[in-house]
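The structure under discussion appears below in the form of structure tokens.
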Amino acid sequence: AMHLDLEEQEQIDQIKHFWNRWGNLISWVLILVLGANEQYLQQTRILPNESSSDRTDRIKQAISKFFDVLYGATSLALPEKIDNRYQLIEAVGRGGFGEVWSAKDLVENREVAIKVPRPRRHQAKALLDLKQEAEKLRGLKITGVPEFYDLCSLQLSDDKKTVCLVFQYIRGQTLKKAAEERRVRQGTSSESRPDWQWIANTMANVAEILQQLHHLRIWHWDLKPENILIDELGKLWVVDFGLATHDSQRL
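When you read off a place in the sequence shown, starting at 1, and then add 1, the result is the number in this note's numbering.
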């Protein structure tokens with residue numbers, strides 16, 4: 002794994018911030034340009050024929066893989082144990098903000114998920130954001146939202162430390178990955194149809210979770226397939242409340 006200093010990490014973060022803001026637009030422009038060019042090559046018999054949907058998916062996958070490499074290019078140098086309580090097991094997620102690890106809570110004897118932030122030049126702001134996220138989730142009991150357990154400390158170096166969020170561990174996969182696997186099983190030809198029943202049930206379950214949050218005046222603001230988990234029993238969970246707000250914060 003490659004480890005970067007704070008200045009290098011800040012540069013990576015700037016690239017990721019730019020992509021988070023403009024990535025979708027850039028992707029679709031590239032899809033249109035490259036797709037039109039490939040269609041011309043197919044008409045001139047330089048490339049084999051394929052459906053427009055297959056071509057679009059292939060270009061999107063290529064762009065996605067590039068930025069998956071970008072987001073996963075660096076891993077955090079972590080101790081085997083955090084706060085002398087949480088024994089790290091394996092990284093289960095990685096993104097621009099940091100990493101999510103499965104771990105064993107040696108006090109409560111249970112498996113947990115730990116959200117570990119990357120070190121940043123503006124570390125004080127990052128710490129404040131984490132503590133605010135913890136406050137939003139503390140004591141929150143909602144079906145479909147992992148329970149928040151603890152805010153623990155992590156020593157990054159001799160003079161720097163950060164905090165980590167500890168949650169109920171959900172064993173499963175993201176909605177994005179589940180949808181991709183279903184699509185592969187059902188076939189990717191232009192004749193294959195989406196499983197509308199599964200899509201409708203999924204959206205209805207997500208809406209129920211959001212309804213509970215909105216009843217408490219909590220707004221997620223970052224709902225996407227990567228932030229929805231499906232556990233081994235098929236139950237849906239909404240995660241990552243880093244951008245969430247409460248009505249009291251919007252006044």
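The beta-carbon is built from N, C-alpha and C at its ideal position, and this holds for glycine as well.
Ile210 and Leu237 look like a contact to me (Cβ under 8 Å); what is the Cβ gap, rounded to whole Å? 7 Å
Residue range of the beta strand (DSSP E) that includes Arg184: Element bounds for Arg184: not the beta strand (DSSP E) but the alpha helix (DSSP H), 176 to 187.
Let me check one thing: in DSSP terms, what residues is Trp220 bridge-paired to? Thr246
Between the C-alpha atoms of Trp102 and His221, what's the straight-line distance to the nearest angstrom? 22 Å
Simplified DSSP state of Leu230, which is helix, strand or coil: strand
So what's Lys116 in DSSP terms, helix, strand or just coil? strand
Which partner residues does Val239 have in the DSSP bridge list? Ile229
Can you tell me the Cβ-Cβ gap for Gly243 and Asp151, rounded? I've got them flagged as a contact below 8 Å. That belief does not hold up - the Cβ atoms of Gly243 and Asp151 are roughly 17 Å apart, past 8 Å.
Pairwise C-alpha distance: His216 and Pro80: 40 Å
Does Glu134 come out as helix, strand or coil in the three-state DSSP assignment? helix
Val240 and Leu224: beta carbons closer than 7 Å? no
Using the three-state DSSP reduction, which class does Ile83 fall into: helix, strand or coil? strand
Ile83 to Val167 span [Cα, whole Å]: 11 Å
Opposite Phe168 in the DSSP bridges: which residues? Ala114, Phe149
How big is the Cα-Cα spacing for Val30 and Asp106? 47 Å
Over what stretch of residues does the beta strand (DSSP E) that includes Glu100 continue unbroken? 99 to 106
Could you tell me the distance, in whole angstroms, from the CA atom of Ala208 to the CA atom of Glu182? 23 Å
Thr163 and Leu155: beta carbons closer than 7 Å? yes
Look up Gly96 in the DSSP assignment and give the residues it is bridged to. Beta-bridge pairing links Gly96 to no other residue.
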